[in-house]
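*Asks:* Letter by letter, the sequence shown follows residues 47 to 108 of this note's numbering. Each residue gets a CB set at the ideal place from its N, CA and C atoms; glycine is no exception. Sharing a structure with you now.
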Amino acid sequence: METEELSAQGEHSLFLLRQLDRMRAAEELTDVVLLADGIPFPCHKVVLSAFSPCFQALFLLF
């Protein structure tokens, strides 16, 4: 790959991460809420599933 392509991919990845974080903070399109010590944490199933095979298996059941 050329340097320009890698740079564009990096920019797209960073943009995606920033958008997902913004959407999570604004509770936009969150589709699951995790509770820890009674504190709710709105989340995106797809993000949790991407990082955890356990969450992925759980969400695929329902």
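Measure the CB-CB distance between residue 90 and residue 107 and report whether it falls below 8 Å.
*Replies:* Taking 8 Å as the Cβ cut-off, residue 90 and residue 107 do not qualify as a contacting pair.
*Asks:* Taking Cβ positions, are residue 76 and residue 88 nearer each other than 8 Å?
*Replies:* yes
*Asks:* Give me whichever residues DSSP pairs with residue 81 in a beta bridge.
*Replies:* 86
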